[in-house]
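Written out below as C-alpha cells is the structure these notes cover.
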Amino acid sequence: MHKRWLSAGLILLAVTLSNGLTAHADSDYTNALATAPQGILLDKTDAIMTLGTASMSSAAVVDTTNPAAPNTQAARLTNGSNQFGAIWSTDDNYFNLKEDETVSMWMYFGDKGTKAADGMAFVLQNDSEGIGASPKFGRFGVIGETLGAWGIDKNPVQSSSAGIAKTAIQNSWAVEFDTAFNNQTGGHAAGQGNSFDIGFPAAHIASSYPGLATTYHQYVDPGTWGITKTNYYYSLQHNGLITNSKNPGFLANGQWHHVTIHWNDLAETMTYTFNDKNPQTGERQPGVSRTVRLNQKAIDPTGSNRVRWGITGATGSRWSNNLVVFEDTPGNVKADTRTTLTDLTREREIQDHGTTVANDQVRLDYHLDYRDGRQPWSSIIAKLNLPKSIDFEEAKITYSGDRLPETLDVSKIKDNQLLTELGYAMDSAYPSATISLTGRVAPVSKTTKVARTSSTFSSNALIRTVETPTFTINPSVDLNLAVTSGQTVNLKAQEGTTVTGKVDMVTSAETAPLAKLAVTLNKAKLPDVALNADGTFTLPVTSEMLRQGKNTLNLRAVTADGDKSNLVTVTITVTGELKFSYISPNESFQNSTLTDKNQLVHRDGDWQLVVQDTRGTGSQWTLMAQASPFVSETGVKLGGGPVYISKRGVTPIGASPTPVLTHTTNDANLDGKFNVSAHWEKKSGVLLAVDSGTVPGNYSGSITWTLEDAPQ
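Residue numbers (mature numbering (1 follows the signal peptide of the UniProt record, and there is no 0)): -25 to -1, 1 to 687.
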C-alpha cells in the first residue's frame, strides 16, 4: 500500500511540474497567424534554418494562415509560461563577417503590452553547442529575463560577473527585444533573476555580448548586522538603445514588426532598424535605427569569419506569443528589385510624386537583378499589387541571355492584383528578369492622386518587396493649333510681319488648364506667347529677328502638365540682294624698278573687296572686272595693265567687263558676306603686269568691279 501512495505522489509531482510549461491557445495566437506577412518556408529540403536542439527548447515551425501571404511559415519560440525556444541557421547558411550581410524578418511579441513576457533576441554566436546553444538553466529552470541568450542571475551568492557570463550563450552578440521590465532592486533582488533592466526604460531594444563579463554590472546586498550573508544581483549593459517613452508597450501591441539587421564589413558595424515596413501594406517606412561597432573577437575568437545566427526567446511566470517570419537570410541569395513607370506617350519616366495624363499609354516595369549568392534565386512567385487607374492591356516577362520571353494573361488581373511565377531561376549566368505591363491611364475629370503599391517576390530563400511611385493623373487635354495669317510669308529686306492664329482646346477637366504658345525661330527659342481668352494669339516678328533668305518659325501650344498641340511651321522668306558691301576707294601697287624683262608688280597696302549676297543658300554670283588704261603724269600709256591671277590662270583686265570669280552663297555665313580680297595671296588676285619696254614714271588708272547674279 505504501508503494502505491509513493507512486501516486510521484505522478502528482510530475503533473505539477508539467503544468508550469503549459502552452496557451488564444485569440492573439490566431490573430498572429492570420495577419502574418509574406515570408519564406522554413520546413523544407535544404533548409536554411533549424530548430534549436537544447533540451528545454519548445520552439516549433508553424504554418501561417494569412491567404495574402501563401507559402509562409513562422518560427514560434514561445506560447506559454516558463518556455525557452530557439531557431538557428544551419552550418551551410552562416553569417559571413568578411562580406556585407543582411537579415530581415517580421517579429510578433503578442498583445499584452507592458504585461508581456519576456521577449526575443537576435543572436550571433560561435558557442561550442552549435544549434544546441542556450543559457545553462540547470536546476533553476527557464528564466524569462535571459530571453534565451543572456546569463542566469538566480544564484544570490554569485559574486562575479564572469560567473554570470559563463551561463550565457558563449562567443555571442545579441540584440534583445525586451517586452518585460526586470528592474527589481534592494534586499530581495538577489536570486530573483529580475534585475537586468535596472536604470533603463520598460520595453526596449538594445544590444550587448551575453558571454562577456563586462556585460553584467554587479549590485551588492551586504546583509544585516552579520545575521544575513552578502548577496549579489546584476543588471545588463544596454548598447544602442531604442525605446518609446510615450508608448511603453510598443513591442507587444498585437502587430507584426519588421526588423532589418545589416552588417557593414568595411566599417565593422551592425545596424538594426525597427519598424521599417508597414505590416499591413509592406511599404517601406523610416523606422528607428541604431548602429554599433561589433567586437568580432568576442563572437569569433578563432578568426573563422563565420558565425551562426538565429532567434531565441524565453518566458517566466508570465507568457506571450513570440513568433518570427523570415524574409531575407544572409548569403543565400543576394538580389535587388526596383520599379520604373514610363509615360510612353510623352516619352518620359514618371518619378515618385510625378504626373501623367489621362489616356496616356504607360509601361510599368518590375526589375529583378541577381547579384550573388550560394544558390540560385528560384521558384520566384510575383505577387503584384498594381496601381489603380491604369487599364493594363498586355504583360510579359523578359529574361537576360538567350531565354525566351513569357507572355502573361492580363485577364487574370483581379482587383488590381496579378499573381504569377517566373518560369526561370536567376543566377550569375542569367542575372536579370523584367516583368513589363503596358496599358492606358484611366480618364479623369479632375486631378487624381494614385497611391503607391507594394508588391512581393517570394521564394524559399528570399522575399523582396518593391513599390511603385506615387503619381498624379491630370485630365486629358487635346490642343489644336491653326495659323490664320498664312504659313508662307515673303518679305523684303527691313520688313517685319505679324503671325496670328488660334488654339482650340478639348478637355475632360472640370477647369481647363492654362495653355501658352511655345515659339522657336531658326531653332532659337523665343519667349512664350500668352493666349487671349478665346484662344487667339498675335505674334509680332520684326525685321531685326529675321535673316535674309529663308526663316523657319515653329509654333506649338503647350500646358504646364506637358500637353502639346500639333506643330505648325511658318516659313518667312526675306528677299535678299546682291551687292558690294565694301570696296577700297583708293589703292596702289608697289613701286618697282624697271628692267629689260616683263614683270608682275604686287599690290601695296590692304585692298578691300567684300561682296554681300543675302538671297539665301544656293544663290550664285560672278565678279566682273574692267580697267581703264594706266597713264603717266606726262600722258605716256603703260605698257601692260592689271591682271587677275587665280587657280584658273592669268586673266587680263581690259576695257570690257571680264569674269574673274564665281561664288555660291551658303546660309552658314549668316550675313551673306564674302571677303574676296581676304582670299588673295601674295601672287594671286589683282596684280599689275608691266612690259619690259615701259617708260619710267608714275602711272594711274581705274578698276571697275561689277556683279552678275548668275555664274559665267
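Heads up, the beta-carbon is just placed ideally off N, CA and C, and yes, glycines get one too. Note that this is a predicted model, so its numbers are computed, not measured.
Task: Contact set for Val543: own chain, Cβ-Cβ below 8 Å, skip 5 residues either direction - done: Leu456, Ala457, Val458, Gln462, Gly476, Asn529, Leu530 and Arg531
Open item on the list: Using a 10 Å radius around the Cβ and a threshold of 16 neighbouring Cβ atoms, would you call Ser430 buried or exposed?
Closed with: buried
Task: Environment of Thr443 [buried if 16+ CB atoms lie within 10 Å] - done: buried
Task: Buried versus exposed, by CB contacts within 10 Å (16 or more), Pro515 - done: exposed
Task: Sequence-distant residues of its chain with Cβ nearer than 7 Å to Ser295 (five each side left out) - done: Same-chain partners within the cutoff: Thr53, Phe84, Gly85, Lys87, Ala91, Ala92, Thr154 and Ala227.
Open item on the list: My output table needs one value for Ala520: the three-state DSSP class, helix, strand or coil.
Closed with: With the sequence shown as reference, residue 520 is identified as Met, and Ala is not the correct amino acid for it. Helix at Met520.
Task: Length-filtered (4 minimum) alpha helix (DSSP H) runs lying within the region 76 to 140 - done: 136 to 140
TODO: In angstroms with no decimal places, state the Cα-to-Cα distance between Phe649 and Ala508.
DONE: 49 Å
TODO: Would you identify the three-state DSSP class for Thr640, choosing helix, strand or coil?
DONE: coil
TODO: Report, in whole angstroms, the separation of the C-beta atoms of Ala49 and Leu298, which I expect to be a contact under 8 Å.
DONE: 5 Å
TODO: Return helix, strand or coil for Thr486, following the three-state DSSP convention.
DONE: coil
Open item on the list: Measuring straight from C-alpha to C-alpha, what distance separates Ala188 and Tyr208?
Closed with: 14 Å
Open item on the list: Please report the straight-line C-alpha distance between Gly162 and Pro351, rounded to a whole angstrom.
Closed with: 59 Å
- [ ] To the nearest angstrom, report how far apart Thr592 and Glu470 are at their CA atoms.
- [x] 20 Å
- [ ] From the DSSP output, read off the bridge partner residues of Arg338.
- [x] Thr317 and Thr413
Task: Sub-9 Å separation of Val586 and Leu553 beta-carbons - done: yes
Task: Rounded separation between Ile62 and Asn435 - CA only - done: 17 Å
Task: Cβ neighbours of Pro176 in the same chain (closer than 6 Å, five flanking residues each side left out) - done: Thr218
Open item on the list: Going by the DSSP bridge assignment, what does Arg265 pair with across the sheet?
Closed with: Tyr247
- [ ] Would you mind stating whether Ala273 and Leu122 have Cβ atoms separated by less than 9 Å?
- [x] no
TODO: Determine the extent of the alpha helix (DSSP H) in which Asp3 is found, giving its start and end residues.
DONE: Ser2 to Ala9
- [ ] Write down every uninterrupted run of the alpha helix (DSSP H) in the region 594 to 629 whose length is 4 residues or greater and which is fully enclosed by it, in chain order.
- [x] none
Open item on the list: With H, G and I counted as helix, E and B as strand and the rest as coil, what does DSSP make of Lys572?
Closed with: coil
Task: Pro45 classed as buried or exposed, judged by whether at least 16 other C-beta atoms fall within 10 angstroms - done: exposed
Task: Gly672 burial status per 10 Å Cβ neighbour count (16 or more: buried) - done: Counting Cβ neighbours within 10 Å, Gly672 comes out exposed, since fewer than 16 surround it.
TODO: Could you tell me the distance, in whole angstroms, from the CA atom of Thr(-4) to the CA atom of Ser56?
DONE: Confidence at Thr(-4) is low in this model, with a pLDDT of 46, below 50, so the placement of that residue should be treated as unreliable; the coordinate-derived value is given next. C-alpha separation (whole angstroms): 7 Å.
TODO: Assign Tyr557 to buried or exposed, taking buried as 16 or more other Cβ atoms, counted over all protein chains shown, within 10 Å of its Cβ.
DONE: By the Cβ neighbour-count rule, Tyr557 is exposed, with fewer than 16 other Cβ atoms within 10 Å of its own.
- [ ] Take the Cβ of Asn641 as the centre, count every other Cβ of all protein chains shown within 10 Å, and call the residue buried at 16 or more, exposed below.
- [x] exposed
Task: Bridge-paired residues (DSSP) for Ser677 - done: Paired residue(s): none; Ser677 is not in a bridge.
Task: Check whether Tyr405 and Ser375 have beta carbons under 9 Å apart - done: In this structure, Ser375 lies closer than 9 Å to Tyr405 by Cβ.
Open item on the list: What does the alpha-carbon distance come out to for the pair Gly126 and Val117?
Closed with: Rounded to the nearest whole angstrom, the CA to CA distance from Gly126 to Val117 is 11 Å.
Open item on the list: Would Gly119 and Asn130 qualify as a contact pair, given that the criterion is a beta-carbon distance under 9 Å?
Closed with: Contact: no.
TODO: Look up His192 in the DSSP assignment and say whether it is helix, strand or coil.
DONE: strand
Task: Reduced DSSP category for Val425 - H, G, I as helix; E, B as strand; rest coil - done: strand
Open item on the list: Let me confirm a value: Ser33 is counted as buried when at least 16 other C-beta atoms fall within 10 Å, else exposed. Which label applies?
Closed with: buried
Task: DSSP state of Gln462 mapped onto helix, strand, coil - done: coil
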